[in-house]
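Below is one structure, written out as structure tokens, with a few remarks after it.
In my numbering, the protein residues as written are 34 to 516.
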């Protein structure tokens, strides 16, 4: 939750250090080991979900491995430090964790003036398709190698470095295709030009050498392709089908979001809508209580949303390296709402706890939910409750957030003294009020998995939305898709 707000805060906080970091001296071995120790100690003290998927032993083993690697160096450059340490954070299996070098444009940390001049997407055969480039002749080709390294090996490296909830590969792949050029620069790149081996639809292969572009040029290139509506909106298809696009769960206030929902669902009901499609693709979250608010407008009866919330610390004194940390405002009052239950610390003050009632005149008709690997945090909480309540049909890709809940809420931000990197650790672990999951470390699995073909991607066709339009009424959900 609050991912973009955290990134904005850290960007502002780190901007003054960005130039210094780029020209900074190497980090000595002893200093790097000290930073590494701070990472482990702080994570074990603060992160309440460190073992929710039985991952703590793997985290500890990876720590030992990373420590051994650092001990082989006399000193490390900032990019070496980043590449060595980052895989440790992935073992927490939490997409909300942050590990950030001083930066200006997330996630362009390194080689920012010479990144790959391409935008890519996975097609329905999991091939990496170029959908936009500064050289038009590259568009529509599949990448098989970059500088002699095969795409499977490249993807293996990138997946190993993506922060995801649990074991959700769909989340890793969604992040990879979203910022492929940035991640390649951060974790693999070692030169400013690129030899691309490409194939076309006829499997004809060719090698093309290209120069890099700046991160700002890449962002402009990406905007030329990305078509997803960035704002919340309602539209209708032939009056009987409503498409409610929820692009985010941010609002100037909860009242503003509720006003949007009231207006939208009033129109949905007035038009006697037979099918409501809620499009949550690319929605990375926002304010958690707004997810529950949306569900009240489609609920068929009273429901629970959060089961409980766990924390590991009551106050600043529970944090060893508190002098290196930024604490949220009002954190001193947090202890008033934390109680011990069954040997664990439980946060008992949240609007999403307890039993909730449907909104007045809540929509009772057929609902389709569209999701992908970027449907995360608040969005996954909403989808999980809808799935558990069998409220509709799920189409697209597995969600980016775990069905069982996530680790989020407030964050502690630590400044590592030697590297000057920042780590962000969520202090709360949320458990959704859902039917027991078959696979706790997975996301919300779609009833009907739909991926765009290469032709769809190049033509701008929305295969997922078209599938939701085309299904008969009522649709039969496969038993294998139900939890």
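Note that beta-carbon positions come from the ideal geometry of N, C-alpha and C, so glycine has one too.
(message) On the DSSP letters alone, give me the boundaries of the beta strand (DSSP E) that residue 491 sits inside.
(response) For the purposes of this step, residue 491 is taken as the residue at position 458 of the chain shown. Looking at the DSSP string, residue 491 is not in any beta strand (DSSP E); the run it does join, the alpha helix (DSSP H), is 487-492.
(request) Taking 8 Å as the threshold, find out whether the region 461-468 comes into contact with the region 226-238 through three or more Cβ pairs. (result) no
(request) Provide the residue span of the beta strand (DSSP E) that contains residue 463, from first to last. (result) Stepping through the chain shown from its first residue, residue 463 is reached at position 430. Looking at the DSSP string, the run of the beta strand (DSSP E) that includes residue 463 is 455-465.
(message) Helix, strand or coil, according to DSSP, for residue 405 in the structure here?
(response) As a position in the chain shown, residue 405 is number 372, starting the count at 1. It is coil, neither helix nor strand.
(message) Taking DSSP's pairing of strands, which residues face residue 229 in a bridge?
(response) Translated into positions along the chain shown, residue 229 becomes position 196. In the DSSP output, where bridge partners are listed per residue, residue 229 has 179, 241.
(message) I'd like to know if the region 297-315 and the region 273-280 are in contact, where contact means that at least 3 CB-CB pairs between them fall below 8 Å.
(response) yes
(message) So for residue 138, helix, strand or coil by DSSP?
(response) One-based indexing of the chain shown puts residue 138 at position 105. It is a strand residue.
(message) Rounded to whole angstroms, what is the Cα-Cα separation between residue 379 and residue 443?
(response) As a working note, residue 379 is residue 346 in the chain shown. As a working note, residue 443 is residue 410 in the chain shown. So the alpha carbons of these two residues sit roughly 15 Å apart.
(request) Report the rounded CA-to-CA distance for residue 330 versus residue 301, giving the unit in angstroms. (result) The count along the chain shown starts at 1 and reaches residue 330 at position 297. The count along the chain shown starts at 1 and reaches residue 301 at position 268. Cα to Cα, the separation comes out at about 11 Å.
(message) With distance defined between alpha-carbon atoms, name the residue in 79, 446, 73, 102 nearest to residue 362.
(response) The residue you call residue 362 lines up with position 329 of the chain shown. Nearest C-alpha to residue 362: 446.
(request) Tell me whether residue 290 is buried or exposed, calling it buried when 16 or more other Cβ atoms sit within 10 Å of its Cβ. (result) Here residue 290 is taken as the residue at index 257 of the chain shown, counted from 1. When all chains shown are included, residue 290 counts as buried.
(message) I'd like the span of the alpha helix (DSSP H) that includes residue 119, first residue to last.
(response) The residue you call residue 119 lines up with position 86 of the chain shown. Taken as a continuous stretch (DSSP letters only), the alpha helix (DSSP H) holding residue 119 covers 111-123.
(message) Can you look up residue 278 in the DSSP assignment and give me helix, strand or coil?
(response) The count along the chain shown starts at 1 and reaches residue 278 at position 245. Residue 278 falls in the strand class under three-state DSSP.
(message) For residue 476 and residue 142, I'd like the C-alpha separation in whole angstroms.
(response) Within the chain shown, residue 476 is the residue found at index 443, counting from 1. Within the chain shown, residue 142 is the residue found at index 109, counting from 1. Each residue's Cα considered, the two are about 29 Å apart.
(request) May I ask you to list the residues that DSSP assigns as paired with residue 30? (result) The question about residue 30 has no answer here: the residues shown for the chain are numbered 34 through 516.
(request) Please list, in chain order, all residues of the same chain as residue 74 whose beta carbon is under 6 Å from its beta carbon, the five residues on each side excluded. (result) Here residue 74 corresponds to residue number 41 of the chain shown, with the count starting at 1. Excluding sequence neighbours, residue 74 sits near 353.
(request) Taking 8 Å as the cut-off, decide whether the C-beta atoms of residue 128 and residue 213 are in contact. (result) The count along the chain shown starts at 1 and reaches residue 128 at position 95. The count along the chain shown starts at 1 and reaches residue 213 at position 180. No, they are not a contact pair.
(message) Do residue 413 and residue 435 count as a contact pair if the criterion is CB distance below 8 Å?
(response) Taking the chain shown and counting its residues from 1, one reaches residue 435 at position 402. Taking the chain shown and counting its residues from 1, one reaches residue 413 at position 380. Yes. Within cutoff.
(request) Figure out for me which residue from 305, 253, 254, 419 has the closest Cα to the Cα of residue 270. (result) Position 237 of the chain shown, counted from the first residue, corresponds to residue 270. The candidate whose alpha carbon is nearest that of residue 270 is 305.
(request) Count the other CB atoms, across all protein chains shown, that sit within 10 Å of the CB of residue 206; report buried if there are 16 or more and exposed otherwise. (result) As a first step, residue 206 must be located in the chain shown, where it is residue number 173. Label assigned to residue 206: buried.
(request) Check residue 160 in the structure and name its three-state DSSP category. (result) Indexing the chain shown from 1 puts residue 160 at position 127. Three-state result, residue 160: coil.
(request) Look at the alpha carbon of residue 46 and the alpha carbon of residue 122, and state the distance between them as a whole number of angstroms. (result) For the purposes of this step, residue 46 is taken as residue 13 along the chain shown, with counting starting at 1. For the purposes of this step, residue 122 is taken as residue 89 along the chain shown, with counting starting at 1. Since pLDDT at residue 46 reaches only 49, below the 50 mark, its modelled position is unreliable, and the value read off the structure follows with that caveat. Taking the straight line from one Cα to the other gives about 21 Å.
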